[in-house]
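**Student:** Structure below; questions to follow.
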Amino acid sequence: MELTHLDENGEARMVDVGEKAVTSREAVGFASVRMKPETLALLLSGELKKGDALASARIAGIMAAKRTFELIPLCHQIPLEHVSVRFENDGKETLMIYATARCSYKTGVEMEALTAAAVAALTVYDMCKAVDRGMTVETVRLLEKSGGKSGEYRYEG
113 MELTHLDENG EARMVDVGEK AVTSREAVGF ASVRMKPETL ALLLSGELKK GDALASARIA
173 GIMAAKRTFE LIPLCHQIPL EHVSVRFEND GKETLMIYAT ARCSYKTGVE MEALTAAAVA
233 ALTVYDMCKA VDRGMTVETV RLLEKSGGKS GEYRYEG
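So for the sequence shown, the numbering used here puts the first residue at 113; every next one is plus one.
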């Protein structure tokens, strides 16, 4: 298997997408934050002193997706058509974050979805750290992607 971000001399390069076809592309990134049950209850109730942490995390995730090309070297600036961030919880100690990114372009949006999920998780940590410094951001992964030459991918875990 060949790494696309390396040239024939093994040096880093930006992938040339000039000849690729524009296709509809979508990706879903995932991150989780484990915390004390009391912290999760506070977070879900919106009663943190810093305010509505989930609203802040949602906005941070969306903003991060839009700026991924500035954060990850060699990423293309992608004309995103849609980014969403949603939250679920296990009712115990884990907040699950799902970030979806969509575009019609020559390269995929996996990094944008992953960046959105990761930054949303870090924002939750920041908003809740005054009450629970022991939180852990866990399991940042791609759940699915569609479009492009490589087609469909779905995490089977």
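Note that the Cβ used here is the ideal one computed from N, Cα and C, for glycine as well.
Under 8 Å between the Cβ atoms of Gly141 and Ala242?
**Tutor:** No; because the gap between Cβ atoms is not below 8 Å, this pair is not in contact.
**Student:** Do the CB positions of Ala144 and Leu186 come within less than 8 Å of each other?
**Tutor:** The identity of residue 144 in the sequence shown is Ser, whereas the question assumes Ala. Result no, Cβ atoms of Ser144 and Leu186 do not sit closer than 8 Å.
**Student:** Span of the beta strand (DSSP E) holding Leu255?
**Tutor:** Per DSSP, Leu255 belongs to the beta strand (DSSP E) from Thr248 to Ser258.
**Student:** In three-state DSSP terms, what is Thr219?
**Tutor:** Note: Thr219 maps to coil in three-state DSSP.
**Student:** Is DSSP giving Ser136 helix, strand or coil here?
**Tutor:** In the structure shown, Ser136 sits in a strand (DSSP, three-state: E or B).
**Student:** Any chance you could list the beta strand (DSSP E) runs of at least 3 consecutive residues sitting entirely within the region 184–212, in chain order?
**Tutor:** Those beta strand (DSSP E) runs which fall completely within the region 184–212 and span 3+ residues are 192–201.
**Student:** Can you list, in chain order, the residues of its chain with a C-beta nearer than 7 Å to that of Leu226? Leave out the 5 residues immediately preceding and following it.
**Tutor:** Gly141, Val252 and Leu254, listed in sequence order.
**Student:** Which residue or residues does DSSP assign as beta-bridge partners of Arg266?
**Tutor:** Answer by DSSP bridge pairing, in chain order: Glu256.
**Student:** Can you tell me which of the three DSSP states Arg146 falls into?
**Tutor:** Reduced to three states, the DSSP call for Arg146 is strand.
**Student:** Between Thr248 and the ligand NAD, is the CB less than 7 Å from at least one heavy atom?
**Tutor:** Judged by which ligands are present, the structure shown has none, so any question about the ligand NAD falls away.
**Student:** Based on Cα-Cα distance, which residue from Gly269, Thr219, Met247 and Glu159 lies nearest to Gly130?
**Tutor:** Gly130 has its Cα closest to that of Thr219, out of Gly269, Thr219, Met247 and Glu159.
**Student:** Considering only C-alpha positions, which residue in the set Leu155, Thr248, Gly173 and Lys257 is nearest to Val197?
**Tutor:** Checked all of Leu155, Thr248, Gly173 and Lys257; the closest Cα to Val197 is Gly173.
**Student:** The alpha helix (DSSP H) with Ala177 in it runs from where to where?
**Tutor:** It spans Ala165 to Lys178 - the alpha helix (DSSP H) in which Ala177 sits, taken as one unbroken run.
**Student:** Could you tell me the distance, in whole angstroms, from the CA atom of Arg179 to the CA atom of Asp202?
**Tutor:** For Arg179 and Asp202, the distance between alpha carbons rounds to 30 Å.
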